[in-house]
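Residue numbers (my numbering): 5 to 386.
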């Protein structure tokens, strides 16, 4: 079971979740002391508000927490991030699905402690017997894996470390892994992956993982794995380079999603494709003005070496399309303009499949994890 979950309800503190509207309608509070504390602290059910109610001997007896206007998972993340260690049972859900509560709880309880001597002990959420504890744990474990990968500094998360992570996962779930490294990328026709990563100390590589029954629907996942982006010869300023360890976030997403799919033993034929490079500066770095060949046979003239992600994705997507999957999804930190347009909390996505778009939007709404569909406008394609 995930480290922030428990099946044991013994000694658990009751948690009451309220939206603003629900708390206003609350008339017969069975706990007058909690109501008095809530009034004294001006608790209204606003997002992030918390009231810790002590028992007669000073121990924590119950918790009131505000969800604001909605009941999304991110609202609950603020709760587990604020609670002391111990076990907690949700006594009032305020209509919120328990799977969303569990997802938010695990999100807020997460700590990146790889480099810390003292490891944090997260507060634990009691999973009722009526809920699928395994499914909730698989999802929480996958999200934690994703965050660990992105949070790890580039010195410990280079292309070779991405490869090691996928290799460990393949061994655990009995998947087949093929890895192509360095100059072998040219022999196997991944020229743009090679060009972007050839200047780095750690060689560029392309990983392809296969799992599941080939008779099942085929799902292809492609993730951008730029483990550090200096910008190349069109070098970034220091302020822009500081957080570029996160430029492998796309690969982290597809690795974690693959982990979730295989943990849950979903009936799909999974293919994972990860091109992984470091965009470095050296004498043999690719240059503005270079014309590169691609796996598809098209040539690409380089205007700016800091637009490297689309180059390695082009080779990877070409490879994925060769297998004609039933569903293909790619994830990438591409581009910064999307963040400018939508901000840091709203994920953009593109698709020309109306049914798929509706499914993504419905899933986002159900989980409270928002997305925004971007336009594929014909004049932009010219």
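Quick reminder that beta carbons are idealized off the backbone N, C-alpha and C, glycines included.
Within 10 angstroms of the Cβ of residue i, are there 16 or more other Cβ atoms? Answer buried if so, exposed if not.
i           : result
residue 220 : exposed
residue 156 : buried
residue 262 : buried
residue 269 : exposed
residue 3   : The question about residue 3 has no answer, for the chain in this structure spans 5 to 386.
residue 104 : buried
residue 319 : buried
residue 134 : exposed
residue 387 : As displayed, the chain neither begins before 5 nor continues past 386, which places residue 387 out of reach and without an answer.
residue 283 : buried
residue 21  : buried
residue 328 : exposed
residue 129 : buried
residue 344 : exposed
residue 234 : buried
residue 232 : buried
residue 295 : exposed
residue 84  : buried
residue 383 : exposed
residue 209 : buried
residue 275 : buried
residue 68  : buried
residue 354 : exposed
residue 206 : buried
residue 143 : buried
residue 141 : buried
residue 385 : exposed
Specify the secondary structure class of residue i as computed by DSSP and reduced to three states.
i           : result
residue 9   : strand
residue 283 : strand
residue 156 : coil
residue 163 : helix
residue 27  : helix
residue 73  : coil
residue 389 : Outside the displayed span of the chain (5 to 386) sits residue 389, for which this structure offers no information.
residue 333 : strand
residue 87  : coil
residue 126 : coil
residue 220 : coil
residue 184 : strand
residue 273 : strand
residue 233 : strand
residue 195 : helix
residue 205 : coil
residue 43  : helix
residue 291 : coil
residue 348 : coil
residue 116 : coil
residue 265 : helix
residue 49  : coil
residue 62  : coil
residue 140 : helix
residue 15  : coil
residue 189 : helix
residue 310 : coil
residue 339 : coil
residue 170 : helix
residue 179 : coil
May I ask which residues mark the beginning and end of the beta strand (DSSP E) holding residue i?
i           : result
residue 387 : A question about residue 387 goes unanswered here, because the residues of the chain that appear run from 5 up to 386.
residue 376 : 375 to 377
residue 353 : 351 to 353
Which partner residues of residue i appear in the DSSP bridge assignment?
i           : result
residue 228 : Bridge partners of residue 228: none, in fact.
residue 303 : 297
residue 20  : 68, 96
residue 56  : 67
residue 278 : 211
Where do the N-terminal and C-terminal ends of the alpha helix (DSSP H) with residue i fall, by residue?
i           : result
residue 94  : Residue 94 -> not in any alpha helix (DSSP H); beta strand (DSSP E) instead, spanning 91 to 96.
residue 371 : 358 to 371
residue 320 : 313 to 326
residue 109 : 102 to 113
residue 382 : 382 to 385
Stretch-stretch touch, CB-based, cutoff 8 angstroms, three pairs: the segment 249 to 268 with the segment 213 to 227
yes
Using 8 angstroms as the Cβ pair cut-off and three pairs as the minimum, do the segment 13 to 23 and the segment 84 to 104 touch?
In the pairwise beta carbon analysis, the segment 13 to 23 is classified as touching the segment 84 to 104: at least three pairs are separated by under 8 angstroms.
Please confirm if the segment 302 to 321 is in contact with the segment 187 to 198, defined as three or more CB-CB distances below 8 angstroms between the two stretches.
yes
Any contact of the segment 198 to 213 with the segment 173 to 186, i.e. 3+ C-beta pairs under 8 angstroms?
yes
On the three-pair Cβ rule with 8 angstroms, is the segment 22 to 30 touching the segment 42 to 51?
yes
So, do the segment 163 to 177 and the segment 292 to 310 have three or more beta carbon pairs nearer to each other than 8 angstroms?
no
On the three-pair Cβ rule with 8 angstroms, is the segment 358 to 365 touching the segment 273 to 287?
no
Touch test, the segment 345 to 355 against the segment 238 to 247, Cβ-Cβ under 8 angstroms, three pairs minimum:
Touching, no, given that fewer than three Cβ pairs across the two stretches are closer than 8 angstroms.
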